[in-house]
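The listed protein sequences correspond, in order, to chains A and B.
So in the UniProt record's numbering, spot 407 of the first sequence is number 407, and the numbers just go up one at a time.
So in the UniProt record's numbering, spot 343 of the second sequence is number 343, and the numbers just go up one at a time.
Written below as structure tokens is the structure these notes are about.
Protein chains: 2
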Amino acid sequence: MPARTLPETLEAAQTASRALATLTSVQKDTALAAVADALEAESSSIIAANARDLEAGEAAGLAAGLLDRLRLDEPRVAALARAVRDVVALPDPVGVVVRGSTLPNGVGLSQVRVPFGVVGAIYEARPNVTVDIAALALKSGNASVLRGGSAALHSNERLVAVIRTALESAGLPADAVQTIDAFGREGAAELMRARGLVDVLIPRGSADLIQTVVRESTVPVIETGAGVVHILLDASADEAMAVDIVRNAKVQRPSVCNAVETVLVHRDAAERLLPPLLAALRHEGVLVRGDDRARAVDAGLEPATDDDFATEHMALELSIGIVDDLDAALAHIRRFSTKHTESIITGDMAAAERFLAEVDSAVVMVNASTRFSDGGEFGFGAEVGISTQKLHARGPMGLPELTSTKWIVRGAGQVRG
Amino acid sequence: MPARTLPETLEAAQTASRALATLTSVQKDTALAAVADALEAESSSIIAANARDLEAGEAAGLAAGLLDRLRLDEPRVAALARAVRDVVALPDPVGVVVRGSTLPNGVGLSQVRVPFGVVGAIYEARPNVTVDIAALALKSGNASVLRGGSAALHSNERLVAVIRTALESAGLPADAVQTIDAFGREGAAELMRARGLVDVLIPRGSADLIQTVVRESTVPVIETGAGVVHILLDASADEAMAVDIVRNAKVQRPSVCNAVETVLVHRDAAERLLPPLLAALRHEGVLVRGDDRARAVDAGLEPATDDDFATEHMALELSIGIVDDLDAALAHIRRFSTKHTESIITGDMAAAERFLAEVDSAVVMVNASTRFSDGGEFGFGAEVGISTQKLHARGPMGLPELTSTKWIVRGAGQVRG
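Shown next as structure tokens:
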């Protein structure tokens, strides 16, 4: 049994958040450095706890992609510690003056970054998210309440215990970081209804999980999304670049949300690009499906249905469609995209600019791998997630996205006329 | 019967939003100038439509404060046109580059402001909101779908008709601004569930309305709040300043959310400040309630209950509480504030700085009237509302708060290593 009820846990988070809001950057950085050191020092115990989750996951028949995201080994624990140190190196967003002015009547206005207060996160089978969100929340002056899912229960409990001990050793309240995994599904449901106690809720994981949080939550949500990610190979696409980028975007880490799921090929480039592209993908063991027109070019393709075009596979699977022109590609993307990341490979300036302007996604690219759509790659240190909604944050989220603002008004007795 | 179903209305808004997103600033400003001219030219027909709503409101026994907010007369219609012209004069937020960098591998990143797409608004009995939101949405490249409530049905229908005609005359799609009042309550409910079709929903009005939208909506909401607004008269508060500011904050326009509802008085200043303050408030016809300690100073006060301290009166009513010190004032505010606006009147620098740092509200003030907590006063032109949540926007919202951003990534074939 947890020592506290869930309302007591949220109350403790609020109390901790008030202490965090007044810490200096040096105090927060010292505590984060202690967390990084502790993660390295406790690497063996963390990997041991993770092994219990992996064993249970294998027994339960978790998909290979999920098991990969769940797995912690020495290099990955070292990477977690490095990610925390990256956060130390980032500037503190709290106290930054965003805008300011003096009104004609002499009243002074300034809009200043302040912590949210309490940040909730609901995610699945990704212990690295536990460390990323705890560290980013702490640096931005927020307490975090983490629900990491039963598949990573032991990993997350161990990670949070290591973090809390390190925080206390640095003189910070341990309740700055709490896990509510022990409260099970009902705990997650209560967290979603805790408007007023939790300032923002970030779901990460499957489309199902995210949609549940969006539907059930009264706490403001940042939707971090499933990625049905598209690459368009335009008529003028360079062959080597097209093959390199699609291979990288699919194969380098297929289990993450910025991996490509659909390649659209301009009809004028299909005969030229499909053979080398398919050869490269098959060499990497990718299961490639195609629409009727793609199968007319290569009869070895499995048929791609609308369901395939709408699916985030998280595996070495990919669908190919042939399109008549840019308009047809934009229409396909509008229909199937989750508005995460899309890229066009082209040598045609006008096509590139239209694609960048008209695709309504968080990240739009020209001649680059969709795998760059990532907070770490963008220089944000660790990342909280990739927002696929348009409110507050869009695309990879870093420290400033974990703050709110407050207007400070200084007068000398002014009243409104 | 409306000519369109609600889904058709939202579809039309989406189509219009795509056209709006590619307009130049000049095109938008020309259309807004036409809207302002049309509002003035149609002043009589707008006031006539408003008269029907006022008559129905009086018959239905609407409170004086609500009737005041509903009323349009020549000066108020002229003010609506002026507010639209103020929006014309504001810089276009769309296309502004918020951040940018070049990664070590040569990939170029820029984060650019883009319209949300479709903005929904649900509000009550405030025809000025119809014009404010339509104008601000248009300038920021968004289509708006407005649900203004049955009490202002005729006013809003007339205003939207005038706006749509003016937009068409300027070559813009009329569907950039639509009202869904004709769909009644079920229309509002459908709007709240239209995630994916509506990008953001802004409720304005009573606490009940706002809480319903927050609870029922799957579309991301910006909570614009009820204002249980506090002024703290510190021990060192100047008497004339204290009386001036409280009087202004309560009396100048009691029916709006930045009007003060509770005055907290430091016990060391109660004997000095209460008599002149009460004399001034009573002279203005304010019904003043007090806690037991305030009533010990002035036996003529009505008793103030916890319910009074938690109520936004929207009328010439005010509650007074005596507090032992700043900590007690902060605790009272933490308990009863809706996190909208609070002000301290003080000559004590340390008390001012603690108040500004520790009060967790959208707008915190020292020695100024809470009536300044307003988009117009802040120089935003018209205002969309005052956000009392911490996500995306906090405090008075203007044009930039009606945009999202998009990451533009330009490469030359880079893949992730």
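C-beta atoms are modelled at their ideal positions from N, C-alpha and C, and glycine is treated no differently.
Note down the Cα distance separating residue 13/A from residue 173/A, rounded to an integer number of angstroms. 9 angstroms
### Query
Along chain B, in chain order, which residues have C-beta atoms closer than 7 angstroms to that of residue 392/A?
391, 392
inquiry  = Can you check whether the C-beta of residue 248/A is within less than 8 angstroms of a C-beta belonging to chain B?
reply    = yes
Using a Cβ-Cβ distance cut-off of 8 angstroms, determine whether residue 218/B contacts chain A. yes
Per the contact definition of three or more C-beta pairs closer than 8 angstroms, is the stretch 24-40 of chain A in contact with the stretch 55-63 of chain A? no
Fill in: Test: residue 27/A CB closer than 8 angstroms to a CB of chain B
no
Item to check | When 159/B, 179/B, 67/B, 393/B are compared against residue 44/B, the one with the closest alpha-carbon | outcome: 159/B
Problem - Contact set between residue 241/A and chain B, taken where Cβ atoms lie within less than 8 angstroms - result: 413
Once you ignore the five residues that flank residue 286/B on each side, which residues in its own chain have a CB closer than 8 angstroms to its CB?
250, 251, 316, 317, 318
I want to know whether the stretch 139-146 of chain A touches the stretch 162-179 of chain A - three or more CB-CB distances under 8 angstroms.
yes
Checklist entry - When you compare only the Cα positions, how much space is there between residue 120/B and residue 198/B? => result 7 angstroms
_Is the beta carbon of residue 342/A closer than 8 angstroms to that of residue 361/A?_
yes
query: Which same chain residues, not among the five before or five after residue 274/B, have their C-beta less than 8 angstroms away from its C-beta?
result: 265, 294, 297, 298, 320
Q | Candidates 32/B, 363/B, 84/B, 390/B, of which the one nearest residue 257/B by Cα | A | 363/B
- Message: Less than 6 angstroms between C-beta atoms, sequence neighbours within five positions excluded: which residues of the same chain meet that for residue 498/A?
- Response: The requested residue 498/A does not occur in the structure, where chain A is confined to residues 1 to 417.
* Asked: residue 390/A by DSSP, collapsed to three states: which one?
  -> coil
Just the C-alpha distance for residue 57/A and residue 71/A, rounded to the nearest angstrom, thanks. 10 angstroms
If you measure from the beta carbon of residue 379/B to each beta carbon in chain A, is any gap under 8 angstroms?
yes
Q.
For residue 262/A, list the residues DSSP reports as bridge partners.
A. 230/A, 319/A
Where residue 101/B falls, given that 16 or more other Cβ within 10 Å makes a residue buried: exposed
If you draw a straight line from the alpha carbon of residue 414/A to that of residue 155/B, how long is it in whole angstroms? 35 angstroms
Residues of the stretch 91-109 of chain B with a CB closer than 8 angstroms to any CB of chain A: list them in chain order, please. 101, 103, 107, 109
Discussion item. Taking DSSP's pairing of strands, which residues face residue 395/B in a bridge?
Written reply: 387/B
### Query
Under a three-way DSSP split, which group does residue 368/B fall into?
strand
- [ ] Answer with yes or no whether the minimum CB distance from residue 262/B to chain A is below 8 angstroms.
- [x] no
| As assigned by DSSP and simplified to three states, the class of residue 203/B | strand
At a CB distance below 8 angstroms, what residues from the stretch 42-72 of chain A approach chain B? Give them in sequence order. none
query: Could one say the Cβ of residue 307/A lies closer than 8 angstroms to chain B's Cβ atoms, at least one of them?
result: no
C-beta contact flag for residue 223/B and residue 276/B at 8 angstroms = no
- Message: Between residue 367/B and chain A, is any beta-carbon pair separated by less than 8 angstroms?
- Response: yes
Original post:
Helix, strand or coil for residue 75/B per DSSP?
Top reply: helix
Problem set entry | Closer than 8 angstroms to chain B by CB, residue 409/A | yes
Pick helix, strand or coil for residue 1/B, following the three-state DSSP scheme.
-> Note that residue 1/B has pLDDT 47, beneath the 50 cutoff, so the model's placement of it is unreliable and no number is given.
In three-state terms, what does DSSP make of residue 339/A?
coil
Task: Interface flag, residue 1/A vs chain B, CB-CB below 8 angstroms - done: Annotation note: pLDDT 47 at residue 1/A (below 50); position unreliable, coordinate value reported separately. With 8 angstroms as the cut-off, residue 1/A does not count as an interface residue toward chain B.
- prompt: Quick check: the stretch 104-116 of chain A against the stretch 67-84 of chain A, are there 3 or more CB pairs under 8 angstroms?
  reply: no
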